[in-house]
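Undergrad: To convert, note that position 80 of the sequence shown is 86 in this note's numbering; the numbers rise steadily by one, no gaps. Let me begin by handing over the structure; questions about it come next.
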Amino acid sequence: MSEKRDAGIEAVILRLLEVRGEGKTICPSEAARAVAGSEERAVWEPLMEVVRAVAERMVGDGKIVVTQKGRVVDGGTAKGAVRFRLR
């Protein structure tokens, strides 16, 4: 992975969460859309894997948590839709 790209994705995730507000969550696709600069699925969807990978690193760094149905989960093993929240 590119350190510069990953740092940019991390910054986008943090900015989106800060704008959303304390205790609120974002969908990983919101970060992918923001990074891609497009709402066109074919443009942002390829970024989903890297967004999730960066988020997992952020979890390990204690910056965010991954949630599913309001509960903190392991983003690496969770099945289905997940969301990110500031720790």
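For glycine and all other residues, C-beta sits at the position ideal for the given N, C-alpha and C.
Taking only runs that begin and end inside the region 32-90, name each unbroken alpha helix (DSSP H) of 4 or more residues, in chain order.
TA: 34-42, 47-50, 54-66
Undergrad: Are the Cβ atoms of residue 93 and residue 70 separated by less than 8 Å?
TA: yes
Undergrad: Pick out whichever of 35, 46, 49 has its Cα sitting closest to the Cα of residue 18.
TA: Distance from the Cα of residue 18 is smallest, within the candidate group 35, 46, 49, for 35.
Undergrad: Counting along the chain, where does the alpha helix (DSSP H) carrying residue 27 start and finish?
TA: That residue, residue 27, is in no alpha helix (DSSP H); it is neither H nor E in DSSP.
Undergrad: Within a Cβ cutoff of 7 Å, which residues of the same chain sit near residue 44, ignoring the five residues on either side of it in sequence?
TA: Closer than 7 Å at Cβ, skipping near neighbours: 50.
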